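Inspection log for the structure reproduced underneath, given as structure tokens.
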Amino acid sequence: MRVVICCGCYHGTSEQREMDAFKGRSQTTKGIWMAKCAGIEPCTLVMDLEGTDGRERGEDDTAFEKQSALFALAVSDIVLINMWCHDIGREQAANKPLLKTVFQVMMRLFSPRKTTLMFVIRDKTRTPLENLEPVLREDIQKIWDSVPKPQAHKETPLSEFFNVEVVALSSYEEKEEQFKEQVANLRQRFFHSIAPGGLAGDRRGVVPASGFSFSAQQIWKVIKENKDLDLPAHKVMVATVRCEEIANEKYAGFTANESWCLLEEAVQSGPVAGFGKKLNSILYTSLTEYDAEATYFDEGVRSAKRKQLEEKLLQLVQPAHHAMLGHLRSGTLEKFKEAFDKALNGGEGFSVAARNCTDACMALFDEGYADAVVELANWDSSKVRDKLCRDVDAHVASVRAAKLSELTSSYEAKLNEALSGPVEALLDGANNDTWPSIKKLLQLETVSAVSGLSDALSGFDMDEKTKEKMLTSLEDHARGVVEAKAREEAGRALIRMKDRFSTLFSHDSDSMPRVWTGKEDIRAITKTARSASLKLLSVMAAIRLDDNVDNIENTLTSALVDTKNNAAVTDRSITTFDPLASSTWEQVPPAKTLITPVQCKSLWRQFRVETEYTVTQAISAQEANRRNNNWLPPPWAIVALIVLGFNEFMTLLRNPLYLGVIFVGFLIIKALWVQLDISGEFRNGALPGLLSLSTKFLPTVMNLLRKLAEEGQMPATNSSQTNQAVASKSFQNGSSTSNMSSSASSGITASENSTTKGE
Numbered sequence: 001m002r003v004v005i006c007c008g009c010y011h012g013t014s015e016q017r018e019m020d021a022f023k024g025r026s027q028t029t030k031g032i033w034m035a036k037c038a039g040i041e042p043c044t045l046v047m048d049l050e051g052t053d054g055r056e057r058g059e060d061d062t063a064f065e066k067q068s069a070l071f072a073l074a075v076s077d078i079v080l081i082n083m084w085c086h087d088i089g090r091e092q093a094a095n096k097p098l099l100k101t102v103f104q105v106m107m108r109l110f111s112p113r114k115t116t117l118m119f120v121i122r123d124k125t126r127t128p129l130e131n132l133e134p135v136l137r138e139d140i141q142k143i144w145d146s147v148p149k150p151q152a153h154k155e156t157p158l159s160e161f162f163n164v165e166v167v168a169l170s171s172y173e174e175k176e177e178q179f180k181e182q183v184a185n186l187r188q189r190f191f192h193s194i195a196p197g198g199l200a201g202d203r204r205g206v207v208p209a210s211g212f213s214f215s216a217q218q219i220w221k222v223i224k225e226n227k228d229l230d231l232p233a234h235k236v237m238v239a240t241v242r243c244e245e246i247a248n249e250k251y252a253g254f255t256a257n258e259s260w261c262l263l264e265e266a267v268q269s270g271p272v273a274g275f276g277k278k279l280n281s282i283l284y285t286s287l288t289e290y291d292a293e294a295t296y297f298d299e300g301v302r303s304a305k306r307k308q309l310e311e312k313l314l315q316l317v318q319p320a321h322h323a324m325l326g327h328l329r330s331g332t333l334e335k336f337k338e339a340f341d342k343a344l345n346g347g348e349g350f351s352v353a354a355r356n357c358t359d360a361c362m363a364l365f366d367e368g369y370a371d372a373v374v375e376l377a378n379w380d381s382s383k384v385r386d387k388l389c390r391d392v393d394a395h396v397a398s399v400r401a402a403k404l405s406e407l408t409s410s411y412e413a414k415l416n417e418a419l420s421g422p423v424e425a426l427l428d429g430a431n432n433d434t435w436p437s438i439k440k441l442l443q444l445e446t447v448s449a450v451s452g453l454s455d456a457l458s459g460f461d462m463d464e465k466t467k468e469k470m471l472t473s474l475e476d477h478a479r480g481v482v483e484a485k486a487r488e489e490a491g492r493a494l495i496r497m498k499d500r501f502s503t504l505f506s507h508d509s510d511s512m513p514r515v516w517t518g519k520e521d522i523r524a525i526t527k528t529a530r531s532a533s534l535k536l537l538s539v540m541a542a543i544r545l546d547d548n549v550d551n552i553e554n555t556l557t558s559a560l561v562d563t564k565n566n567a568a569v570t571d572r573s574i575t576t577f578d579p580l581a582s583s584t585w586e587q588v589p590p591a592k593t594l595i596t597p598v599q600c601k602s603l604w605r606q607f608r609v610e611t612e613y614t615v616t617q618a619i620s621a622q623e624a625n626r627r628n629n630n631w632l633p634p635p636w637a638i639v640a641l642i643v644l645g646f647n648e649f650m651t652l653l654r655n656p657l658y659l660g661v662i663f664v665g666f667l668i669i670k671a672l673w674v675q676l677d678i679s680g681e682f683r684n685g686a687l688p689g690l691l692s693l694s695t696k697f698l699p700t701v702m703n704l705l706r707k708l709a710e711e712g713q714m715p716a717t718n719s720s721q722t723n724q725a726v727a728s729k730s731f732q733n734g735s736s737t738s739n740m741s742s743s744a745s746s747g748i749t750a751s752e753n754s755t756t757k758g759e
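Positions 1 to 759 (full-length UniProt numbering) are the ones given, in order, by the sequence shown.
Have a look at this one:
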């Protein structure tokens with residue numbers, strides 16, 4: 001069984017009196033009328049209710065209207081609601097307050113039952129139905145969304161309770177025939193409406209016909225006993241509509257206000273002085289105008305609408321206020337940065353400068369916020385202030401980290417400069433005091449740097465743990481500089497050893513180039529130079545910054561320099577362990593090892609090979625010098641000459657003429673000796689000397705004879721001068737001979753030095 005209700009219908013039933021156009025407008029339906037629809041299958045009952053805006057019951061007695069509307073929704077499958085086309089979008093004529101209350105109470109009193117709400121739009125205008133229907137459906141959905149729902153129906157959609165339909169009818173007076181045709185079409189929709197897809201297709205909770213009367217009575221009883229249907233009187237509704245209109249007008253006026261537009265535009269580009277004062281003035285003006293126009297309406301409604309207007313205005317101006325706070329925060333932060341940098345550059349302590357500038361910055365922000373506050377709003381500025389605090393702290397932390405890094409880098413650079421050069425020089429002159437000197441230097445420079453950094457850190461107000469960590473890091477850096485330099489020099493150990501060997505081998509104790517005259521003990525010199533080179537190798541073999549004692553030098557000496565020990569090791573190489581056949585030193589951690597024993601042995605072998613040539617050259621130069629300087633025969637030959645040549649000697653004494661001949665012969669031989677440079681020719685060996693003299697002998701003799709002939713033709717007055725010139729020349733030749741001998745020795749020495757350095 002279905003019940004169809006038509007609310008606020010124009011035309012009454014046969015028992016009702018109809019509205020007479022010539023007698024004026026009046027109520028046509030009083031109470032609830034019910035009848036059976038003729039000619040519609042299946043059986044359909046129709047109820048006609050009073051309109052919700054009739055004047056007969058008065059503005060204060062609207063309970064029956066709400067009760068009847070709720071009763072219709074509770075018992076009916078289809079509810080027809082008449083609406084003027086011009087009333088769509090209006091608060092009261094569209095039955096919004098009534099529907100809101102009825103929806104709320106229905107959900108609380110009755111279980112969900114799907115009812116078709118058919119809105120019949122009367123006196124349709126030219127506006128297409130496609131444009132009117134969405135507006136109406138949106139209003140219904142908004143009413144549903146705004147209704148407070150019980151917990152059981154919090155998430156229940158509108159479609160669970162109602163199926164909304166919208167139809168339109170033309171004006172009866174202007175288009176009677178079209179109106180009747182549209183009514184007939186609407187009537188056809190009620191035929192078989194309970195079929196699936198029909199107007200009353202949802203049959204949940206259907207009451208049998210025999211129980212309809214009892215069900216309706218119980219429903220009416222529940223509705224009558226419910227007090228929530230006491231809706232506001234008509235004057236409250238009027239106040240609601242009118243106050244809302246005034247509020248909307250003031251809101252629109254505020255948005256178009258020139259002062260507000262200029263203020264909003266200005267605050268987007270930067271901070272505005274007196275922002276709060278200007279904005280408060282505009283807001284108070286709009287609210288004062290609202291109060292003046294709404295003063296005669298219901299106080300409760302007026303206050304509620306004023307509150308809504310205030311909230312809307314505050315919501316409108318809030319972005320501008322946020323922009324103002326953003327400019328205030330960024331400007332304050334920039335001023336803080338400038339003041340902080342200025343304080344640090346002025347020599348003020350970091351912690352003191354940070355504290356003073358932060359306090360001044362926050363005071364400046366608070367002052368600016370007081371100038372920008374909106375009195376009507378209770379907005380919390382703590383988030384913006386906290387953001388500013390975080391930005392300030394982040395900047396302070398950034399500058400602090402940069403300053404600490406700069407300080408640390410500065411002292412590290414000082415340590416690099418103070419340690420690198422001296423450590424290199426000490427390692428270059430390696431001796432027993434090298435590592436103690438390096439250790440002492442490291443301690444002095446580290447103490448100085450740590451003391452300076454500690455004084456500099458006192459202005460940063462840091463905890464002792466962090467400070468100690470930084471100082472320890474600086475000490476580790478100083479030690480690392482020494483160790484890195486030692487490793488670097490260890491990589492050039494072979495070059496250093498050869499340089500030291502060359503210096504000691506090729507120069508005497510006065511640092512003068514050594515001339516190998518034959519009197520030097522090359523073996524002893526070589527041993528001394530190699531021992532010094534081995535000393536350098538032992539010094540560079542490990543880092544000795546601690547007080548630990550090692551036997552690296554003794555091990556190297558016994559394994560590489562001690563010839564007797566070497567011979568013994570060679571004889572017993574199969575059964576004796578080589579002390580250098582290892583990758584670590586005894587009592588030396590691997591981390592402190594610069595050159596392993598195996599590497600030392602390899603370096604020494606290469607060193608000996610590359611310095612052997614220098615020693616050989618020295619020995620050769622010494623032998624050559626001995627040969628050049630030893631022209632006398634052996635002593636036994638001299639004695640033999642004296643004994644065997646005694647008679648000839650006595651003959652020369654008896655005949656002085658022989659002495660003159662011998663003297664002349666001596667002069668000629670001396671001249672040939674000088675001219676042929678016999679000592680120089682034989683320096684390279686006997687055979688090469690003879691071959692060279694054989695090619696030079698005849699031209700030299702001819703040259704001497706030619707000069708003697710030329711001398712004999714000169715006047716007697718020049719004889720003495722000629723003799724003096726010859727004597728002077730002879731002396732110069734003798735000096736040249738001596739100089740050539742010395743030059744030869746120097747040349748050998750230079751050759752040896754260049755060979756050694758080249759190696």
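For each residue, glycine too, the CB sits at the ideal point set by N, CA and C. As the structure is a prediction and not an experimental result, all values here were calculated from the model.
Would you mind stating whether residue i and residue j have Cβ atoms separated by less than 8 Å?
i           : j           : result
residue 512 : residue 594 : no
residue 372 : residue 460 : no
residue 200 : residue 288 : no
residue 498 : residue 611 : yes
residue 212 : residue 40  : no
residue 168 : residue 121 : yes
residue 456 : residue 407 : yes
residue 649 : residue 533 : no
residue 129 : residue 141 : no
residue 325 : residue 381 : yes
residue 441 : residue 474 : no
residue 693 : residue 676 : yes
Measure the alpha-carbon distance for residue i versus residue j and round it to whole angstroms.
i           : j           : result
residue 365 : residue 345 : 24 Å
residue 654 : residue 519 : 44 Å
residue 429 : residue 599 : 21 Å
residue 222 : residue 67  : 10 Å
residue 724 : residue 671 : Model confidence at residue 724 stands at a pLDDT of 43, short of 50, so the residue's coordinates are unreliable and nothing is read from them.
residue 644 : residue 634 : 15 Å
residue 509 : residue 415 : 36 Å
residue 524 : residue 659 : 50 Å
residue 487 : residue 544 : 12 Å
residue 332 : residue 421 : 50 Å
residue 515 : residue 662 : 37 Å
residue 722 : residue 711 : Bear in mind that a pLDDT of 42 at residue 722, under 50, signals an unreliable position, so the model cannot answer this.
residue 615 : residue 667 : 41 Å
Does residue i pass the burial test, meaning 16 or more other C-beta atoms within 10 Å, or should it be called exposed?
i           : result
residue 444 : exposed
residue 537 : buried
residue 625 : buried
residue 327 : buried
residue 144 : buried
residue 411 : buried
Report the residue from the options whose alpha carbon sits nearest the alpha carbon of residue i.
i           : options            : result
residue 308 : 248, 497, 371      : 248
residue 535 : 472, 484, 435      : 435
residue 302 : 448, 242, 361, 405 : 242
residue 452 : 139, 467, 505, 438 : 467
residue 597 : 560, 622, 616, 623 : 560
residue 760 : 440, 338, 283, 296 : Because the chain here runs from 1 to 759, residue 760 falls outside it and cannot be looked at.
residue 680 : 330, 627, 179, 390 : 627
residue 472 : 446, 495, 485, 483 : 446
residue 555 : 578, 548, 547, 546 : 578
residue 31  : 99, 133, 637, 69   : 69
residue 552 : 580, 667, 526      : 580
Taking 8 Å as the CB-CB limit, is residue i close to chain C?
i          : result
residue 73 : This model lacks chain C altogether, as it is built from one protein chain only.
Relative to the ligand COA, is the shortest distance from any of its heavy atoms to the C-beta of residue i smaller than 7 Å?
i           : result
residue 148 : Only the bare structure without any ligand can be found here, which leaves the ligand COA out of the picture.
* Any contact of the segment 320-327 with the segment 264-283, i.e. 3+ C-beta pairs under 8 Å? -> yes
* Evaluate contact between the segment 348-357 and the segment 284-298, counting only Cβ atoms and requiring at least three cross-stretch pairs below 8 Å. => no
* **Contact the segment 578-586 vs the segment 471-483: 3+ CB pairs below 8 Å** => no
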